[in-house]
Structures are given as C-alpha cells and as structure tokens.
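Okay, structure first, notes after.
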Amino acid sequence: MKIKIKFFATFRELFQEEEREIDLQSGSNMRDLLNLLCDSSKLREQVFDDGKLRPYLNILKNGQNIHHLKGLETGLEEGDTVDIFPPIGGGGLFFSVFSLLRLSGSSKSAFGLRN
Amino acid sequence: MLSERDAERYERQIRIFGKEGQEKLKNARVFIGGAGGLCGAISLYLAAAGIGRLRIVDRDTVQLSNLNRQILYTDGDLGKGKPGCARERLKSVNPNTEVEAVTETISEQNINDLVASFDVIVDAMDNFPTRYLLNRAAQAQNIPLFHGAVERFYGQATTVIPGKTACLRCIFPTAPPPSSFPIIGSFCGIIGSIQAAEVIKYITGIGKLLENKLLMLDGLNSTIEQIDVQKNRMCEDCGKGRY
C-alpha cells in the first residue's frame, strides 16, 4: 500500500526531502513507517526517546494527531497522508536539529548556506 | 458612523468590503496575547486598518536583543515595558484606535477576565503553555482564536472557531520544553501579517479562513502550504475530554 509522507520545518532539512511516497506492506502501522524512515541513529534520536515517540513531535495521519489515535500503533491504509514536523515557536527540538546538522558538517548544504 | 476623514483614510480598503465592513472594524475589540515579534505586524496592520480597540498583554520589558524582529520598539524604548511602548507607537500610527496596554503575566487566574468582552483573541505568544490558556479561554467564551508561531525560517498559522474547527490542543496536544529559539524578524512579519489578515477577513466577513487548515511557511525555500487538520472529539479543551 502506498503512503504519502510530508515533512515540514526543520524536518525537511533533517530528512533532506519535502515529500516521499513509500510502499508498505498491508497491515503496517506508524511504528513500521517511522522505523523505515529513521534509517540512521541521527534520525532516530530526533523522533524517538528511549524507543518511545517524542511526545511533542507532530505526526498527523490524514490531519489527525496520532497522539489522539493509537500513537505508534496507529494503523495505516492505502492512500494515507502522514505529516511530520517538530514544534514551531516554543520548542527545543529545532535547536537540537540544527546543532546536529552543524556538528555533522551538513548544515551548509542542508540550509543552502555559502562560505 | 464613519467620519469624512475615516472614509478618506480607509478608502482603499472600503473599496473591498464597503463602509459596512469598515464600521465592523471600528467596532471590533481585539485581544493580543504577547507583545513581541508577531505582535508587531499584527498590531500595526490592525491599527492601520482601523480596528476600534486593541488590548495588548505582555509582562516583559524591551531588551536590545528584541530589536532584530520586534518592530514596534526602538533603541529609546530599552528597559521600558513592552505594552506601554506598543501603545505609544500604535497611537502614532492611528490615533483613532484605542490601545490598552496591560503589563501582566497571562495566567490561569486572569485569562478569562483579560479576554472577556473581546471579539477576537490573537495568539502572539512564544510558548505553548500560555497558548493553551488562550485556547481554553477562547473555547470557554466562544471567541475565535488566531494562532501564529515562528521559529528560525519557519512559521505556522491557523484559525480556531469554537464549536466548528479543530482547536490548538487538537492539533498540538503536548507542549514542547521551553527554550529560547533563533528567529529572523521578517518571518515574524509574514506570519503576523497572515494573522492580521485572518482577523480582518473574519470581522468583515470576506474570504476563506484557515479553518481546519494549518498554514506552514517554509521561509528557507519560499513556500507556503496548508495541512488539513481535524478536530479531536475527545479533546480536553474543546471536546468530550473537557467534561
């Protein structure tokens, strides 16, 4: 089944893309999707905290925050859209994402900066 | 009733929503929570548009590090209370707008009194715990809430109509830990201007509001998109969860 994922704010820089379509096995849930998307320790650290989803991360399945559904166990179906973004205007996650990119040396390409 | 001077002053927008729309703006009472970067664009455009009454609430004084984005203030305002400085600036923009400066910390104890009798609540805060207080008061008193937030190159905005749309808690159920975040002033201007435009559209009854839509600004790539959002029926602020 095909799922559309859209990244916003600094997660566009972190995942280095704005949108992606993923083909998942029927019966997959949000945990399966995020495990697939977070294919490095850097990405996992921004999404998970000790195996649990970071509580203030915004993950919307067809416009509904998954905190109101079944969290990581929220089921996915063909044609679903998943929006993923960190808090804007009052959160610490942004800074850590930026710091991480800077530390990894990828900030110049990720943020389009010039020397 | 609009004076001749009013008719001339607002002529370019009266062409859009008529004298009746201008009267509505003149009679409107707008509450703005926060007197920082967002408030600059929001309050300047609302005062210029002829809103009758603005109440601006903030506890802070003007700091040098505010001046890259908080366009209501100048070097001469350093150390002074923000709401009072905002009032002076806005009175010079439009003396017909009554501006009430309130130097207070918005809290659970005072929020309902602060917004009572206002037609609109504008969220110009920099933290989620206070946004949730505005959200609850908006729901309790059936007042529309115009949300905006900015950070780094990014911003978001949505319009909450109690009983009709998703509220802030539906969309953002959990507050992130507090932090001081980087920001470029012009992005405050973009999101604050969108909030002011939403307020003007709501009051004059024109156009389509950001109802159940979360507008996302990507200033780095100069794009704006909308995310469809849904009400949470069990929401603790606007749904069955509050009973």
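Same order as they appear, the protein sequences are chains G and F. 17 is the number of the first residue of the first sequence in this note's numbering; add one for each residue after it. 394 is the number of the first residue of the second sequence in this note's numbering; add one for each residue after it. Glycine included, every Cβ here is placed at the ideal spot set by N, Cα and C.
- In the DSSP annotation of this structure, the continuous segment of the alpha helix (DSSP H) that includes Glu404/F starts and ends at Glu404 to Asn420.
- When 7 Å is used as the limit between beta carbons, Asp99/G is near these residues of chain F: Ile620, in chain order.
- Within chain F, not a single residue places a beta-carbon under 7 Å from that of Asn51/G; the smallest gap is close to 22 Å.
- Counting C-beta atoms within 10 angstroms of its own C-beta, Ala434/F has 16 or more neighbours from the protein chains shown and is therefore classed as buried.
- Taking a beta-carbon distance threshold of 9 Å, Gln623/F counts as an interface residue toward chain G.
- Gly585/F is a Cβ neighbour of Tyr438/F, given a cutoff of 9 Å.
- Glu89/G and Leu602/F have their alpha carbons spaced roughly 33 Å apart.
- Here DSSP, grouped into helix, strand and coil, assigns Met17/G to coil.
- Taking the Cα positions, Leu418/F is about 47 Å away from Gly91/G.
- Spatial neighbours of Lys633/F in its own chain (CB-CB distance under 7 Å, excluding positions within 5 residues in sequence) are listed in chain order as Arg626 and Met627.
- The Cβ atoms of Gly426/F and Ala494/F do not sit closer than 9 Å to each other.
- For Thr597/F, the enclosing alpha helix (DSSP H) starts and ends at Gly578 to Thr597.
- According to the DSSP secondary-structure assignment, Leu607/F is paired through a beta bridge with Ile620/F.
- Here Leu40/G has Met17, Ile19, Asp48, Leu49 and Leu92 as same chain residues with Cβ atoms under 7 Å from its own Cβ, once five neighbours each way along the sequence are excluded.
- Taking every protein chain shown into account, the CB of Thr597/F has 16 or more other CB atoms within 10 angstroms, so this residue is buried.
- Under a criterion of Cβ atoms nearer than 7 Å, the residues of chain F adjacent to Gly105/G are, in order, Asp519, Ala542, Val543 and Glu544.
- Look at the stretch 59 to 84 of chain G: the residues with a C-beta under 7 Å from a C-beta of chain F are Pro71, Tyr72, Asn74, Leu76, Gly79, Gln80, Asn81, His83 and His84.
- In this structure, DSSP gives Lys473/F a state outside helix and strand, which the three-state scheme calls coil.
- Residues of the stretch 22 to 52 of chain G with a Cβ closer than 9 Å to any Cβ of chain F, in chain order: Lys22, Phe24, Ala25, Thr26, Arg28, Glu29 and Glu34.
- Nearest Cα to Gly414/F within the set Ala589/F, Ala440/F, Tyr595/F and Ile514/F: Tyr595/F.
- In the three-state reduction of the DSSP assignment, Gln80/G falls in the strand class, which pools E and B.
- Residues are counted here when their Cβ sits less than 7 Å from a Cβ of chain G; for the stretch 576 to 601 of chain F the count is zero.
- Checking the DSSP bridge columns, you'll see Arg448/F partnered with Phe424/F and Glu493/F.
- Gly105/G is not a Cβ neighbour of Phe424/F, given a cutoff of 9 Å.
- Rounded to whole angstroms, the gap between the alpha carbons of Lys606/F and Gln619/F is 6 Å.
- Pairwise C-beta distances place the stretch 445 to 458 of chain F in contact with the stretch 471 to 481 of chain F, as three or more of them are shorter than 8 Å.
- Taking 9 Å as the CB threshold, Phe424/F stays off the interface with chain G.
- In the DSSP assignment, the residues bridged to Thr552/F are Phe539/F and Glu604/F.
- Minimum Cα-Cα distance from Phe546/F among the listed residues Gly429/F, Asn420/F, Asn614/F and Ala428/F corresponds to Asn614/F.
- When DSSP states are grouped into helix, strand and coil, Ile38/G belongs to the strand group.
- Look at Phe31/G here: in three-state DSSP terms it is helix.
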